[in-house]
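Here the structure is laid out as C-alpha cells; the discussion comes afterwards.
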Amino acid sequence: MDRDEELRILDRALEHLRDKRLPLTDTDTRVSVDRYRSPEWYRAELDRIFTKLPSMLVHSSEIPAPGTFATLEHFGRPLIVSRDQDGGAHVFLNACRHRGARLEKDPSGERRQFICGYHAWRYDLDGTLAAIPSPHCFPGVERGKRNLVALPAVEAYGFVWLMPEENPGRADLDAFLGDFLPDIADLDLSSYEIYGAESQEWEINWKLVVEGTLEGYHFPFLHAKSANPLFENSTFFFDSFGPHLRSILPKRSINFITKTERSERRLLSVANVIHTIFPNETVLHQSDHFLWITSHPLGPTRTLVKLRLIVPKGSVREGSVEQWEENRQLTYQVQYEDLEIYREIQIGLTTGANEEHCFGTQEFALQKYNEAIEAHLFGE
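Quick note: the sequence shown uses full-length UniProt numbering, first residue 1, plus one each step.
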C-alpha cells in the first residue's frame, strides 16, 4: 500500500474513532431474501458471475515444487492443479482421456507422472500423454496428442487463478483486479505459505460468508468473548475498487496511536485490513500474516467454506508452530461463531419472517457488495 494512502486511511480511522456515530451512508437499505435461497438466482450467479470471472484455486505454496499437485472440485468439474518440471503451473480436468476415469484421487501430493488407475494411461506433469499399455490396440491415438484437457490458468500474486475461456491471460486478470491490483500486489503473498487449512460444508448461502466480513456491527454481540476485546467498536469503514472492497477494522490499540509520531505510524499495528476479491474470496491481513476465506457455492443453500492461514514462508519450520496454532485456534473460533449464525439465518429465511434484509448505515459495504452482484447479473 502506498505510504500516503496508508496515512490517509489512518486519518480516517481516527475520525471514526472520534465520532463513533459517523455513518457510512445516509440511509439504511433493503435487499430481497430471494437472493439467498432462490435456485433461479443461484443459476444466474453461476452463469453470469462464476463462469465469467477469474477464480483463486490454490495458493502457490500448495504446489511448491515440480511434481507437486492439488485436486479440487470447481462447480462440478474435478480439477488437478500441478507444477511441471520447468516450474510452470497448470490446471487440468481430472479425467483420463481414455474413458474419463478420475485420474488423481488424492487431495495433494507429488508425482513423476499422473497414472490412471483404470487402464494405466500415463501423463506427464504438463498434461502430455506419455504412454498407454498395448498401444497397438489404439492405432488412432498418438502419444503426445490425446493430452489432458488444459484449462486457462494464470499464476500471479501468490495464487493460481482459473481464468474464463474468453479472457484467459495475465492481462485479463490484471484488468479484472483493476484499481485493486496495487493493493493485491503489495501484499507479496508469494512470500508466504499455507498453514492449518480446514474445509467444511454448511447449509448456508455463499454470500452470507462474504457479507459477514463486511461489517463490524456484530462484533460486540456475537464475538463478545473472542474477537471483540481486540477491536474498537463502530469504527469499521471501507473503499470500493470496482466490485472489490478494502475494509478497515481498527483495533483498540488505535487509541494510543496519537502518542506516536505521524511518520512512525503503521496501519497494521492498529487495524486489520480485509481484501474482498469479488465475488467470493476474502484475504484478511493481520499484522504479519493473513486469513484466506473461500466461500464456494455448492447450491443455493449449501456452501463449502475453506479457511487457511497464510504465514511467512519457512516460519513453521523455524519453530513458530505454537504461535501459529494459537493464532489459528482463535481466528477459526471467530469464523465458526460466524458460520453458526449464518446457518441460523438460512433457517430463518425459510420461516417467512422477512421478505427482505435490512442493512444499516454501518453496513453500507453490504449494499455495495450486493450492487456489484446485481451489476453482473442484470448489467450496469
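Where a beta carbon is used, it is the ideal one built from N, C-alpha and C, also for glycine.
- By the Cβ rule, the region 270 to 278 counts as touching the region 235 to 249, because three or more pairs are nearer than 8 Å.
- Each residue's CA atom was taken as its position, placing Asp4 and Leu291 some 25 Å apart.
- Separation of Glu261 and Arg170 (C-alpha to C-alpha, rounded to the nearest whole angstrom) is 41 Å.
- Nearest in C-alpha terms to Ile9, of all of Gly360, Leu339, Phe364 and Ser269, is Ser269.
- Looking only at Ile345, Phe69 and Ile293, the smallest Cα-Cα distance to Glu198 is reached by Ile293.
- For Phe364, the three-state secondary structure derived from DSSP is helix.
- A direct Cα-to-Cα measurement between Phe231 and Leu17 gives close to 11 Å.
- With contacts defined by Cβ atoms closer than 7 Å, Ser108 and Glu193 do not form a contacting pair.
- The beta-carbon distance between Tyr369 and Glu211, rounded to whole angstroms, is 7 Å. This is short enough to meet the 8 Å contact definition.
- By the criterion of a C-beta distance shorter than 8 Å, Arg343 is surrounded in its chain by Trp202, Glu203 and Ile204, once the five residues flanking it on both sides are discounted.
- Inter-segment contact for the region 40 to 55 and the region 218 to 225 is absent: fewer than three beta-carbon pairs are separated by less than 8 Å.
- Per the Cβ contact rule, the region 87 to 105 is not in contact with the region 164 to 179 (fewer than 3 Cβ pairs under 8 Å).
- DSSP places Lys306 in the uninterrupted beta strand (DSSP E) bounded by Arg302 to Pro312.
- Around the beta carbon of Leu208, 16 or more other beta carbons lie within 10 angstroms, which makes this residue buried.
- One Cα belongs to Leu79, the other to Trp121, and the distance between them is close to 17 Å.
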